[in-house]
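Numbering (our numbering), first residue to last: 27 to 353.
Below you can see the structure in the form of structure tokens.
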């Protein structure tokens, strides 16, 4: 029995991360049909179809869904469009994987959850850090540990965005994923940098998790490097991880473990997975996981409900709030 995939949005994120993932998945699963792709820009849709082996392209996603009747839909569109388009797809009952953030705030995300539950529609949010092979490896290594504290440093170059929260949500969610626990309390500090534009600021988060672990997260959007670096401590153990973000300074990534002052492991990202960006940055794993869950009739992990706290906290940053307590 064939498995039909449709995707909505053929921009840069799709070209670099998702398109290669669809193509690889179809090559490894011969019953997969890359049925159609869609973008309001016809040239982008046509180019994407030809580049990744889709059979047809559309400029109207509802026409595409009504015609193709796919088994799975992927949504990769600008952040401000994700919630409204997701709800329309979820209401049609098509299993949906959507790029992060699923909604920009609590209310948008709750409406998405309600649409999914009303129509019993499987869904997954594409927080790619959760699916990076290196991050998954670290999660396995610390699975039996009682984490004391975690540090996540998130650096970018020349990001003068008025709303950096839509990017910061990656670090917020990744720290939560690594801690294996929801946040219980956060204090936010902001260092405004008005000379670089409205709302440009360094952002610091001092966090407590329900597990008892604590964390410090820093977001520096106008630094001198593109990097994400993690330190995790438990009793007698420390792990350092430099994520393989895009093709930037720390690529292909590095994972180091010390036990009581002695080096236990020093692992290059190339020892963990293939060096292709769409693989080591988690795009293939998140798509494969979603498709395999839908095929098997399983509820996908990482659904809208699991994303809600990360969305809420990122919205606190957007609103420059100074304190969060989980209700």
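Backbone N, C-alpha and C define an ideal beta-carbon position, used for all residues, glycine too.
Practice problem: Name the residue from 87, 42 and 312 whose alpha carbon lies nearest to the alpha carbon of residue 111. | Solution: For the purposes of this step, residue 111 is taken as the residue at position 85 of the chain shown. Closest by alpha carbon: 87.
Self-check item: N- and C-terminal bounds of the alpha helix (DSSP H) containing residue 195
Solution: If you number the chain shown from 1, residue 195 lands on position 169. Element bounds for residue 195: 191-205.
Quiz item: Is there contact between the region 180-194 and the region 146-153, where contact requires at least three CB pairs shorter than 8 Å?
Solution: Judged by Cβ distances under 8 Å, the region 180-194 makes no contact with the region 146-153, as fewer than three pairs qualify.
Quiz prompt | Span of the beta strand (DSSP E), counted from its first residue to its last, around residue 249 | solution = For the purposes of this step, residue 249 is taken as residue 223 along the chain shown, with counting starting at 1. Residue 249 -> no beta strand (DSSP E), and no H or E assigned at all.
Quiz item: Taking one C-beta from the region 132-139 and one from the region 87-97 each time, how about it: are there three or more such pairs within less than 8 Å?
Solution: No, the region 132-139 does not touch the region 87-97.
Quiz item: Looking at the structure shown, is residue 254 part of a helix, part of a strand, or coil, going by DSSP?
Solution: Indexing the chain shown from 1 puts residue 254 at position 228. Judged by DSSP in its simplified three-state form, residue 254 adopts strand.
Quiz prompt | Residue environment, residue 186, which counts as buried when at least 16 other CB atoms sit within 10 Å | solution = In the chain shown, residue 186 corresponds to position 160, counting from 1. The residue in question, residue 186, is exposed, as its Cβ has fewer than 16 Cβ neighbours within 10 Å.
Self-check item: Close beta carbons around residue 117, own chain, < 6 Å, minus the five adjacent residues each side
Solution: On the chain shown, residue 117 is found 91 positions in, with the first residue counted as 1. Shown here for residue 117: same chain residues with a beta carbon closer than 6 Å to its own, the five before and five after excluded, namely 141 and 145 in chain order.
Practice problem: Express the C-alpha separation of residue 292 and residue 333 in angstroms, rounding to a whole number. | Solution: The sequence position of residue 333 within the chain shown is 307, counting from 1. The sequence position of residue 292 within the chain shown is 266, counting from 1. Taking the straight line from one Cα to the other gives about 32 Å.
Exercise. Enumerate, from N- to C-terminal direction, the unbroken beta strand (DSSP E) stretches of 3 or more residues contained entirely within the region 281-313.
Key: Fully enclosed beta strand (DSSP E) runs of 3 or longer: 288-294.
Self-check item: Residue burial classification, residue 288 (beta-carbon count within 10 angstroms, cutoff 16)
Solution: In the chain shown, counting from the first residue as 1, residue 288 sits at position 262. With fewer than 16 Cβ atoms within 10 Å of its Cβ, residue 288 is classed as exposed.
Self-check item: Nearest candidate by alpha-carbon position, reference residue 202, set 37, 62, 57 and 337
Solution: Translated into positions along the chain shown, residue 202 becomes position 176. Relative to residue 202, the option among 37, 62, 57 and 337 whose CA is nearest is 337.
Practice problem: Determine the closest residue to residue 228 out of 176, 155, 37 and 244, with distance taken between C-alpha atoms. | Solution: The count along the chain shown starts at 1 and reaches residue 228 at position 202. For residue 228, the nearest C-alpha among the options comes from 244.
Practice problem: Report yes if the CB atom of residue 154 is closer than 7 Å to the CB atom of residue 309, and no otherwise. | Solution: Within the chain shown, numbered from 1, the residue matching residue 154 stands at position 128. Within the chain shown, numbered from 1, the residue matching residue 309 stands at position 283. Contact annotation: residue 154 and residue 309 have beta-carbon atoms nearer than 7 Å.
Quiz item: Hey, out of 50, 56, 252 and 340, whose CA is closest to residue 279's CA?
Solution: Position 253 of the chain shown holds residue 279. The shortest C-alpha separation from residue 279 is found at 252.
Quiz prompt | Where residue 44 falls, given that 16 or more other Cβ within 10 Å makes a residue buried | solution = Numbered from 1 along the chain shown, position 18 holds the residue referred to as residue 44. Note on residue 44: 16 or more other CB atoms within 10 angstroms of its CB, so buried under the neighbour-count rule.
Quiz item: Within this structure, are the beta carbons of residue 32 and residue 71 separated by less than 7 Å?
Solution: By one-based count along the chain shown, residue 32 stands at place 6. By one-based count along the chain shown, residue 71 stands at place 45. Contact: no.
Exercise. Note the first and the last residue of the continuous beta strand (DSSP E) segment covering residue 168.
Key: The count along the chain shown starts at 1 and reaches residue 168 at position 142. Looking at the DSSP string, residue 168 is not in any beta strand (DSSP E), and its letter there is neither H nor E.
Quiz item: Since residue 59 sits in a beta bridge, which residues does DSSP pair it with?
Solution: For the purposes of this step, residue 59 is taken as the residue at position 33 of the chain shown. For residue 59, which the question treats as bridged, DSSP gives the partners 30.
Practice problem: Could you tell me the boundaries of the beta strand (DSSP E) in which residue 212 lies? | Solution: Here residue 212 refers to the residue found at position 186 when the chain shown is read from its first residue. DSSP places residue 212 in the uninterrupted beta strand (DSSP E) bounded by 209-218.
Exercise. Have a look at residue 198 and residue 339 and give me their C-alpha separation to the nearest angstrom.
Key: Looking up residue 198 in the chain shown gives position 172. Looking up residue 339 in the chain shown gives position 313. Each residue's Cα considered, the two are about 8 Å apart.
Self-check item: DSSP-derived helix/strand/coil call for residue 131
Solution: Here residue 131 refers to the residue found at position 105 of the chain shown. DSSP places residue 131 in coil when its eight states are reduced to three.
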